[in-house]
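Have a look at the structure below, then the notes.
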Amino acid sequence: DGGITQSPKYLFRKEGQNVTLSCEQNLNHDAMYWYRQDPGQGLRLIYYSQIVNDFQKGDIAEGYSVSREKKESFPLTVTSAQKNPTAFYLCASSIGAGGGDEQFFGPGTRLTVL
Amino acid sequence: ELKVEQNPLFLSMQEKKNYTIYCNYSTTSDRLYWYRQDPGKSLESLFVLLSNGAVKQEGRLMASLDTKARLSTLHITAAVHDLSATYFCAVDPLSNTGNQFYFGTGTSLTVIP
């Protein structure tokens, strides 16, 4: 079955640690996205990538980093510079990035800072 | 600053009643999406609206888009408990160089028996 997988489902981080969230898709989509969702709020874009080896910052990129070495993978690293990382992180993909392309979402990773 | 506003933010309605959720946005766009989110879960795509006057229906839900008014509506007909969830609209501005979506804050719907 085609889809988007994220791991882990739950992640606990100590202050000062970097952690990496995995996102994999087998839909052959060109574009991938990372969003953050805080309780009772909508989604905010962290980073997006339209093609392999290229990515752009979204509205809240500070304290996060990404890579896009393979078409199917778009990992997100939450660095120690991110002061308030506790949130629900959602990865998405779309067939292209030219506008009008529906985004499909993975199951999410819930990150908690201890 | 681009704004996407939904109202109401919270909606409690009785079964079999009708209601409408509104999504207003502040930019030029003819691409709007509706998603559903159950508690603790991911987003499920409901509707894709890609032109002025577009109307889509699925079961008890119907979505429409008025690009001149910068308004989309999600109409619920004869609500049932299974529709209880949070509903988000998302806008893809025409000014985008990519395919970035801007989401509303969501409408939390509770259908009461």
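Protein sequences, first through last, are from chains Z and P. Heads up: the first sequence at position 112 corresponds to 112 in our numbering, and the numbers run straight through without jumps. Heads up: the second sequence at position 38 corresponds to 38 in our numbering, and the numbers run straight through without jumps. For every residue, glycine included, the Cβ atom is placed at its ideal position computed from N, Cα and C. Note that the structure is a prediction, hence the values are computed from the model and not measured.
Identify whether residue i lies in helix, strand or coil by the three-state DSSP scheme.
| i | result |
| --- | --- |
| P:H75 | strand |
| Z:L111 | strand |
| Z:D54 | strand |
| P:L50 | coil |
| P:L83 | helix |
Could you please give the first and the last residue of the uninterrupted beta strand (DSSP E) stretch that includes residue i?
| i | result |
| --- | --- |
| Z:Q6 | I4 to S7 |
| P:T67 | From DSSP, P:T67 is part of no beta strand (DSSP E); its letter is neither H nor E. |
| P:T20 | Y19 to Y25 |
| Z:T77 | L76 to V78 |
| Z:A92 | A87 to S94 |
| Z:I60 | That residue, Z:I60, is in no beta strand (DSSP E); it is neither H nor E in DSSP. |
Here's the rule I'm using: 16 or more other beta-carbon atoms within 10 Å means buried, otherwise exposed. How should residue i be labelled?
| i | result |
| --- | --- |
| P:G59 | exposed |
| Z:D38 | exposed |
| P:H81 | exposed |
So, for residue i: in the same chain, excluding its five sequence neighbours on each side, which residues have a beta-carbon less than 8 Å away from its beta-carbon?
| i | result |
| --- | --- |
| P:L43 | Y35, R36, Q37 and F88 |
| P:S29 | T67, R70, V91, D92, P93 and L94 |
| P:N52 | D30, L65, D66, T67 and K68 |
If we define contact as Cβ-Cβ less than 7 Å, is residue i a contact residue for chain Z?
| i | result |
| --- | --- |
| P:Q57 | no |
| P:Q14 | no |
| P:F103 | yes |
| P:L71 | no |
| P:L65 | no |
Is residue i close to chain P, meaning its C-beta is less than 7 Å from at least one C-beta of that chain?
| i | result |
| --- | --- |
| Z:A61 | no |
Going by beta carbon distance, what residues of the same chain come within less than 6 Å of residue i, once the five residues before and after it are set aside?
| i | result |
| --- | --- |
| Z:Y66 | Looking at the sequence shown, residue 66 of chain Z is not Tyr but Val. Only Y47, F55 and L76 meet the Cβ criterion. |
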